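Enquirer: Below you will find the structure I want to go over with you.
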Amino acid sequence: MLNGLDGDAQAWRVLLSDLAAHLRPFFKRRLFNGESDAEDLVQETLIAIHAKRATWDRNQSFTAWAFTIARHKLIDHLRRQGRRLTEPLDDASVLLAEHTVEDGVMRRDLTRALSILLTASQAQNGPPVDPLVRVMGYHADEWEKFIDEWVSHCLKADYVQVARFSGANDRGIDIAGFADAKGLIGVWDNYQCKHYGAGITPGTAWPEIGKILWHSFNGHYVPPRAYYFVAPRDTGTSLTQLLSNIPLLKTQLLAAWEKSVRTQITVTQEVKLEGAFADYVDSFDFTIFKRKSPREIIEQHRNSPYFIPRFGGGLPPRPAPDLPPSDVHETESG
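Residue numbers in the sequence shown follow the numbering used here, run continuously in steps of one, and reach 344 at the last position.
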């Protein structure tokens, strides 16, 4: 049914053919003059279902909706038969209530028919690509744009402004969310975007942490309230463990400083861990350093207006329809 509504003519024909096979015994059991009337009713019902398909509520069972139309067609047929004119309509409704859908096999067949049909989009384009897989193919700039979308829309309640810092001299800031009007000298969070072929390693993180320490020490900004590493392949196991053990994170950073950080903070000077700067680092609150998993980011991004244009997908797949009720509702008798 969903496929027919979405323009998949082949899927619609398959569904009508499957439905016709179940309507024939439904009508034959209730008629006294054989197959010809039953076949006429099958065709009338299929025509009505086709004509009224846009009125079907996708939140309701398609099977129940289709057989409601079939019941009304049978009732109208009985009314037209001169020998049935004196039979009360309620009696006919009782007759029809014996089998709302013929049996469990029919229910399973129709449910299966609905569930296995591809959507028109899937038939044309193949199965949808998991957004997590898609972002792994982004280049670094596109990943930053994606994070900017996420922070700007999904986290907008947390910030009065969001700014993207790109290119040289960004001083270790990629996406900044400002919680007040003071900007970099107020309350703010940093989202550090990294896009590599593997998860972020401690060796990659050390210079980035060093930039925050050095530039905040020099008054270029106050330390961020929170600093998140964000990457399509997340942080690697080693860095994830260190971010969960802040004292060890600090210890290993200091141990790696001379080799991995000292020459990586600026292009104009080496930054030695000594004097007032060493004291500043020693008293620094390293608990600001955290991670955000790409899966969590994507799930929140689903609520943004950017998700469908970026990842496609249209409407989510409809869940399997409920089985129709076994009794005819009182409003279905006429």
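From the three backbone atoms N, C-alpha and C, an ideal C-beta is built for every residue, glycine too. None of the values given here were measured: they were computed from a predicted structure.
1) Between the region 156-163 and the region 182-189, can you find at least three pairs of beta-carbon atoms closer than 8 Å?
2) Taking only three categories from DSSP, how would you classify glutamine 251?
3) According to DSSP, is threonine 96 part of a helix, a strand, or is it coil?
4) Is DSSP giving alanine 236 helix, strand or coil here?
5) Can you list, in chain order, the residues of its chain with a C-beta nearer than 6 Å to that of valine 145? Leave out the 5 residues immediately preceding and following it.
6) May I ask you to report which of helix, strand or coil DSSP gives valine 139?
7) What are the residues that DSSP puts in a beta bridge with arginine 301?
8) So what's alanine 173 in DSSP terms, helix, strand or just coil?
9) With contact counted as at least three CB pairs below 8 Å, one residue from each stretch, are the region 266-285 and the region 188-207 in contact?
10) What is the DSSP secondary structure of histidine 109, reduced to helix, strand or coil?
11) Give a yes or no on whether the C-beta atoms belonging to alanine 30 and lysine 38 are separated by under 8 Å.
12) So, for aspartate 140: in the same chain, excluding its five sequence neighbours on each side, which residues have a beta-carbon less than 7 Å away from its beta-carbon?
13) State the DSSP-derived secondary structure class of serine 27, mapped to helix, strand or coil.
14) Find the nearest neighbour of cysteine 164 within the set Gln20, Pro319, Glu306 and Phe321, judged by alpha-carbon distance.
15) Please return the same chain residues whose Cβ sits closer than 7 Å to the Cβ of lysine 282, not counting the five positions on each side in sequence.
16) Count the other CB atoms, across all protein chains shown, that sit within 10 Å of the CB of leucine 25; report buried if there are 16 or more and exposed otherwise.
17) Exposed or buried, tyrosine 206, counting other C-beta atoms within 10 Å across all chains shown (16 or more means buried)?
18) May I ask you to list the residues that DSSP assigns as paired with histidine 199?
19) Using a Cβ-Cβ cutoff of less than 7 Å, which residues in the same chain neighbour proline 98 once the five nearest sequence positions on both sides are dropped?
20) Give the secondary structure of threonine 245 by DSSP, where H, G and I count as helix, E and B as strand, and everything else as coil.
21) Mind checking who isoleucine 210 pairs with in its DSSP beta bridge?
22) Thinking just about the alpha-carbon of each residue, which of Val277, His82, Gly229 and Leu264 is nearest to the one in alanine 178?
23) Are the CB atoms of tyrosine 169 and alanine 191 nearer to each other than 8 Å?
24) Rank Gln279, Thr73, Phe77 and Tyr316 by C-alpha distance to the C-alpha of threonine 55 and give the top, closest one.
25) Just to confirm, are leucine 252 and glutamine 262 a CB contact at a threshold of 8 Å?
Expert: In this structure, then:
1) At 8 Å Cβ cutoff, the stretches touch.
2) Along the sequence shown, one-based indexing puts residue 251 at 241. For glutamine 251, the three-state secondary structure derived from DSSP is helix.
3) As a position in the sequence shown, residue 96 is number 86, starting the count at 1. Low confidence applies to threonine 96: its pLDDT is 44, below 50, so where it sits in the model is not reliable, and the reading given next is rough at best. Note: threonine 96 maps to coil in three-state DSSP.
4) Taking the sequence shown and counting its residues from 1, the one referred to as residue 236 is at position 226. In the structure shown, alanine 236 falls within a strand segment according to DSSP collapsed to helix, strand and coil.
5) Sequence index remark: in the sequence shown, residue 145 carries index 135 (1-based). Only Pro242 meet the Cβ criterion.
6) Taking the sequence shown and counting its residues from 1, one reaches residue 139 at position 129. Here valine 139 sits in coil by DSSP.
7) As a first step, residue 301 is located in the sequence shown; it is residue number 291 there, counting from the start. Per DSSP, the beta-bridge partners of arginine 301 are Phe239.
8) The sequence position of residue 173 within the sequence shown is 163, counting from 1. Reduced to three states, the DSSP call for alanine 173 is strand.
9) The region 266-285, when compared against the region 188-207, does not touch it at the 8 Å Cβ threshold.
10) Counted from its first residue, the sequence shown places residue 109 at position 99. At histidine 109, the pLDDT of 44 sits below 50, so the modelled position is not reliable; the number obtained from the coordinates is stated separately. DSSP places histidine 109 in coil when its eight states are reduced to three.
11) By 1-based counting over the sequence shown, the position of residue 30 is 20. By 1-based counting over the sequence shown, the position of residue 38 is 28. No Cβ-Cβ contact shorter than 8 Å links alanine 30 with lysine 38.
12) Translated into the one-based positions of the sequence shown, residue 140 becomes position 130. The answer is none, since no qualifying residue turns up.
13) Translated into the one-based positions of the sequence shown, residue 27 becomes position 17. Correct three-state label for serine 27: helix.
14) As a first step, residue 164 is located in the sequence shown; it is residue number 154 there, counting from the start. The residue with the shortest Cα to Cα distance from cysteine 164 is Glu306.
15) By 1-based counting over the sequence shown, the position of residue 282 is 272. Within the same chain, and ignoring the five residues on either side of lysine 282 in sequence, the residues whose Cβ sits closer than 7 Å to its Cβ are Arg272.
16) Position 15 of the sequence shown, counting from 1, holds the residue named residue 25. Taking every protein chain shown into account, the CB of leucine 25 has 16 or more other CB atoms within 10 angstroms, so this residue is buried.
17) As a first step, residue 206 is located in the sequence shown; it is residue number 196 there, counting from the start. Classified as exposed, tyrosine 206 has fewer than 16 neighbouring CB atoms from the shown chains inside 10 Å of its CB.
18) Within the sequence shown, numbered from 1, the residue matching residue 199 stands at position 189. According to the sequence shown, residue 199 is aspartate rather than histidine. DSSP output for aspartate 199 lists Gly187 and Ala236 as bridge partner(s).
19) As a position in the sequence shown, residue 98 is number 88, starting the count at 1. Any reading at proline 98 must be qualified, since the residue scores a pLDDT of 43, below 50, and its modelled position is unreliable; the value itself is stated next. Shown here for proline 98: not one same chain residue has a beta carbon closer than 7 Å to its own, the five before and five after excluded.
20) Position 235 of the sequence shown, counted from the start, is the residue given in the question as residue 245. In the structure shown, the three-state DSSP call for threonine 245 is strand.
21) Within the sequence shown, numbered from 1, the residue matching residue 210 stands at position 200. Paired residue(s): Thr245.
22) The residue labelled residue 178 in the question sits at position 168 within the sequence shown. Distances from the CA of alanine 178 to each of Val277, His82, Gly229 and Leu264 were compared; the closest alpha carbon is that of Val277.
23) Translated into the one-based positions of the sequence shown, residue 169 becomes position 159. Translated into the one-based positions of the sequence shown, residue 191 becomes position 181. No, these two residues do not count as a Cβ contact at 8 Å.
24) Within the sequence shown, the letter at position 45 stands for residue 55. When each option's Cα is compared against that of threonine 55, the closest is Phe77.
25) Within the sequence shown, residue 252 is the residue found at index 242, counting from 1. Within the sequence shown, residue 262 is the residue found at index 252, counting from 1. In this structure, glutamine 262 lies closer than 8 Å to leucine 252 by Cβ.
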